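All remarks here apply to the structure that follows.
Chains as they are written, first to last, in this note's numbering: chain A, 821 to 1314; chain H, 45 to 525; chain L, 296 to 393.
In structure tokens:
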């Protein structure tokens, strides 16, 4: 494990061997070196960061310690609204939009003393698996800049991997935190649905969206999650009960833990041989370390992708209806309201968003509603029942996070379905509302990171983190991007 | 052919909660434009709705007053359509699981009858568009201005079955429903301000047993009178078309109050497809017996109950309906006067007659009324014991209502107390007889029409304060009639 | 299973003004995707309740209180609007004038 972690930085801050300003400068120095090639950020607030860092240092010196995130630079995916700071969701339609309020996670981060570095790039409205659907150009994978960072939280994953932030928040609707974390060699966690408030998260698919952390270590992810989770009266779907602290079971290892193994999660076909080998190796290592392996089957998850590609577009078709050129955002003039709206939306939305809005509108339309949307909702019930049956026999489930490692830019943009298959292993957790985490465990023959997914029942984050930490230790993976003075980015740097 | 109109009404009631349906903005939209708005009711990116518990209490109250069943697990749906004053371009409403279903409203009067209620559901209001330019009509505007203060105000929609058969019955139902909503205290229920709005679905069929005709939705009626006129016009229009063999087009038509016609829009109909689906930002409601009972305990006396109670006091049905339908201040005046000992029939006549006339004369509203029930009872008792004449009593009432004090005091200071003292009147009469010996002689000879002459002279002698009945009796006595 | 989709009608419902070429392309892609996802119609869901929400929660409310701190400043709000007129947002007319 590299020393680049929130925990380590926090320790050094309190030991007096570093300052928050120094941490902020480190992050900005890295950005100066690599951001031109990686393009992880849409907004990088250098002045605000340094100013906030000074304040954090003064507060700490005055004895006002806000906790583990105090003075730590954190990045935000640009679909979380920030008062006074441009928020675009990666869309041309929202270019220049300055929100008048903060998302709840932003409020909580500020309260916990974290410093906001800026807003990271994403697939437009979080729709995509490569960050190539951003209206402001793609982000590149810091491990190999010819390749995508995954998506849609590709900017957050790349920023953390390239050390342009100590941690970042992403959002995950079908794998949008875990898949880029896997492709960028960092830890990424989608918490239980309702664990983190969605207030201020620009909605993609409301019943699937969750905000979660991307970090270098499992423990960092747990503490970042605990800083942002908890009931929010502004989100009616926010879990109202008390959640167990995510770190409460760390360090307990794997002894006696029942691990359900799902190599073909979501009916995944075409899992790359290196990914499969890495997965099998890790499962064997877990057994060696005391885990009890259980064979489980989740038959209906093979319908997860289809169910997801009806439910998510249906919800998005309504969620994105508000972008109409009336109250904010891009407008193309027209002779009537309808013409103005139709032109603004057609020009403002990119192809992937347009496609999903059309798909979702169709799935909900008269005559097709029951056969498509209605049936997808019922299949969702069956998938939840599959999980419930499996969890009667095991504590966690494990699978590869993504069937493949980072693919080349442009490789899948012409065929939507080939892109959608990237999320086949991650989608079932969203449909069930369960927590799930990706931990980097190795690299493939091209030195590209491979992720390992640990899933747990709703609200059982503690055991998920316990197992994820054990996996992290067993893997001994070094999350340090193999830079060479910032010009050694493999592949893409000329 | 024995054509028959079939009418159903959809009523939108704006709840008078403190805050909006899904956010903490004030539910008042008379403020300066776009000042009672927040991320939620403006549909800003990232905002989420959280339902107002009191709004749910109030829709349950309406449902219970209409004898509806309360759905155990109602849910909110998104109703998808684009309109500039609908910020999210979907309205949070209800679809197949509304809060209340299957009730009825009994309407009294000549055009009464039972109107079944199909459903009562909860939704949110839109913002307000002002169409500028052209001739002011929506179809000819140059542009529209949007104010979102009203956006998100809780709205309850009450939908009847197609049980109404005439324009007069539609009006009677609407008036009864407004009374009910007002009695429940859940809404301002003012038509002119749009806090209660009626839309009518009108169709005409060839006979009472015939299948239903094509339905036309009529909107934009701002008073009970315009509702009745619009429905009557629409029935007439459809009947005329059918008579010449023309087809009725399913459409929405707007009532033009000035011209007295309904007009079709130019929007292509049939293209609306609301794509309802459960709102994933909201979770189901769960209404148990205890909650329902708690709300049922809040039910006040309903207008129909009040009418029969008044009738039980001896007030005739028309007067009872008029009193029960009067605003709360007048009803309170009536009830308090009875409590203070006034006779119900007389008190009723005065409240709906002279009190209302005085308010109108002085340009006051019922809310401004300063007369108390006790004062009214006192005034009526003064009439009863002939302390004032009926005509003087009206003047006393005016004095009391302009804040001059209690009736006794006003009568005294305005010098309106009647002379019922026999000895005083005897003296006055003696003076009159002295002055008119000839007329008195003719009276004694049986010329009875002269009684009026002598009463008049006594009134003049007493400057109008004599009790005319007493004066008349004294004259007859003196003349030996 | 091939799926029939009237892409021009759907685009109108979604308020997306697309060119004929765009309609053809999106129509083809949507048909392909729908044909793929239509496989779920083969799943036996007899008697299965739909899931519209992953968490089994009910009755999440706010009390009827005005929260002045969430009310926005009009100038800040109108500042983001593409077109305003005085205190109002401004849009083209709802219907084309004759």
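Glycine residues also receive a C-beta, built at the ideal position from the N, C-alpha and C atoms.
It should be emphasised that the depicted structure is a prediction, and the values quoted were computed from it without experimental measurement.
Identity of the residue in the options nearest residue i by Cα
{"i": "residue 1294 (chain A)", "options": "A:867, A:1111 and A:836", "result": "A:1111"}
{"i": "residue 318 (chain L)", "options": "A:1132, A:1174 and A:1014", "result": "A:1174"}
{"i": "residue 1076 (chain A)", "options": "A:1105, A:1070 and A:1113", "result": "A:1113"}
{"i": "residue 1184 (chain A)", "options": "A:1213, A:1134, A:1151 and A:1145", "result": "A:1134"}
{"i": "residue 1192 (chain A)", "options": "A:908, A:980, A:1282 and A:1131", "result": "A:1131"}
{"i": "residue 919 (chain A)", "options": "H:211, H:91, H:132 and H:163", "result": "H:91"}
{"i": "residue 1137 (chain A)", "options": "A:1087, A:1172, A:1119 and A:1010", "result": "A:1172"}
{"i": "residue 361 (chain H)", "options": "H:237, H:152, H:65 and H:199", "result": "H:152"}
{"i": "residue 804 (chain A)", "options": "A:1056, A:1186, A:1001 and A:1015", "result": "Outside the shown range of chain A, which is 821 to 1314, sits residue 804 (chain A), and nothing can be said about it."}
{"i": "residue 123 (chain H)", "options": "H:453, H:117, H:114 and H:133", "result": "H:133"}
{"i": "residue 127 (chain H)", "options": "L:389, L:380, L:370 and L:381", "result": "L:389"}
{"i": "residue 424 (chain H)", "options": "H:398, H:115, H:228 and H:173", "result": "H:398"}
{"i": "residue 874 (chain A)", "options": "A:844, A:1181 and A:885", "result": "A:844"}
{"i": "residue 916 (chain A)", "options": "A:927, A:903 and A:925", "result": "A:903"}
{"i": "residue 1124 (chain A)", "options": "A:1071, A:1204, A:1080 and A:1046", "result": "A:1204"}
{"i": "residue 1254 (chain A)", "options": "A:1029, A:1056, A:853 and A:887", "result": "A:1029"}
{"i": "residue 119 (chain H)", "options": "H:100, H:131, H:108 and H:129", "result": "H:100"}
{"i": "residue 362 (chain L)", "options": "H:293, H:278 and H:68", "result": "H:68"}
{"i": "residue 834 (chain A)", "options": "A:878, A:847 and A:866", "result": "A:878"}
Enclosing beta strand (DSSP E) for residue i [first to last residue]
{"i": "residue 283 (chain H)", "result": "Taken as a continuous stretch (DSSP letters only), residue 283 (chain H) belongs to no beta strand (DSSP E), being part of the alpha helix (DSSP H) at 268-287."}
{"i": "residue 509 (chain H)", "result": "No beta strand (DSSP E) contains residue 509 (chain H), which DSSP labels as neither H nor E."}
{"i": "residue 261 (chain H)", "result": "260-265"}
{"i": "residue 1258 (chain A)", "result": "1256-1263"}
{"i": "residue 1099 (chain A)", "result": "Note, residue 1099 (chain A): premise wrong, no beta strand (DSSP E); alpha helix (DSSP H) at 1093-1108."}
{"i": "residue 48 (chain H)", "result": "48-58"}
{"i": "residue 1032 (chain A)", "result": "1030-1035"}
Contact under 8 Å by Cβ, residue i with residue j
{"i": "residue 357 (chain L)", "j": "residue 1053 (chain A)", "result": "yes"}
{"i": "residue 46 (chain H)", "j": "residue 251 (chain H)", "result": "yes"}
{"i": "residue 929 (chain A)", "j": "residue 872 (chain A)", "result": "no"}
{"i": "residue 458 (chain H)", "j": "residue 480 (chain H)", "result": "no"}
{"i": "residue 970 (chain A)", "j": "residue 1021 (chain A)", "result": "no"}
{"i": "residue 1007 (chain A)", "j": "residue 1259 (chain A)", "result": "yes"}
{"i": "residue 50 (chain H)", "j": "residue 206 (chain H)", "result": "yes"}
{"i": "residue 1042 (chain A)", "j": "residue 1078 (chain A)", "result": "no"}
{"i": "residue 27 (chain H)", "j": "residue 230 (chain H)", "result": "Chain H is shown only over 45 to 525; residue 27 (chain H) falls outside these bounds and no answer can be derived."}
{"i": "residue 1011 (chain A)", "j": "residue 1281 (chain A)", "result": "yes"}
{"i": "residue 298 (chain H)", "j": "residue 199 (chain H)", "result": "no"}
{"i": "residue 826 (chain A)", "j": "residue 892 (chain A)", "result": "yes"}
{"i": "residue 1126 (chain A)", "j": "residue 300 (chain L)", "result": "no"}
{"i": "residue 218 (chain H)", "j": "residue 155 (chain H)", "result": "no"}
Enclosing alpha helix (DSSP H) for residue i [first to last residue]
{"i": "residue 1272 (chain A)", "result": "That residue, residue 1272 (chain A), is in no alpha helix (DSSP H); its beta strand (DSSP E) goes 1269-1275."}
{"i": "residue 354 (chain H)", "result": "347-356"}
{"i": "residue 190 (chain H)", "result": "Note, residue 190 (chain H): premise wrong, no alpha helix (DSSP H); beta strand (DSSP E) at 187-191."}
{"i": "residue 322 (chain L)", "result": "315-332"}
{"i": "residue 1240 (chain A)", "result": "1236-1240"}
{"i": "residue 97 (chain H)", "result": "97-109"}
{"i": "residue 999 (chain A)", "result": "998-1004"}
{"i": "residue 460 (chain H)", "result": "Where residue 460 (chain H) is concerned, there is no enclosing alpha helix (DSSP H), given that its DSSP letter is neither H nor E."}
Check: residue i C-beta below 7 Å from any heavy atom of the ligand COA
{"i": "residue 338 (chain H)", "result": "Among the components modelled here there is no ligand, and therefore nothing to report on the ligand COA."}
Point to revise | Every unbroken alpha helix (DSSP H) inside the segment 854-905 of chain A [4 residues or more] | key: 866-881
Check your understanding: Between the segment 940-957 of chain A and the segment 974-984 of chain A, do three or more beta carbon pairs fall short of 8 Å?
Key -> yes
Point to revise | Segment contact flag, the segment 346-364 of chain L with the segment 1192-1206 of chain A, C-beta cutoff 8 Å, min 3 pairs | key: yes
Exercise for review: May I have a chain-ordered list of the beta strand (DSSP E) segments no shorter than 3 residues that lie completely inside the segment 907-967 of chain A?
Suggested key: 935-940
Check your understanding: How do the segment 379-386 of chain H and the segment 412-423 of chain H stand: do at least 3 beta-carbon pairs fall below 8 Å, yes or no?
Key -> yes
Review point. Going along the chain, which unbroken runs of the alpha helix (DSSP H) with 4 or more residues stay wholly within the segment 378-440 of chain H?
Key: 388-394, 400-405 and 417-428
Practice item. Take every Cβ of the segment 334-342 of chain H, pair it with every Cβ of the segment 1207-1219 of chain A, and state whether three or more of those distances are shorter than 8 Å. Key: no
Point to revise | the segment 504-513 of chain H / the segment 445-465 of chain H touching (three or more Cβ pairs under 8 Å) | key: yes
Exercise for review: Just list the beta strand (DSSP E) runs in the segment 1160-1225 of chain A, keeping only unbroken ones of 3 residues or longer that don't cross its boundaries, in chain order.
Suggested key: 1216-1220
Review point. Pairing CB atoms from the segment 363-383 of chain L with CB atoms from the segment 1142-1152 of chain A, are three or more of them under 8 Å?
Key: yes
Check your understanding: Which runs of the beta strand (DSSP E) spanning at least 3 residues fall entirely within the segment 192-244 of chain H, listed in chain order?
Key -> 198-204
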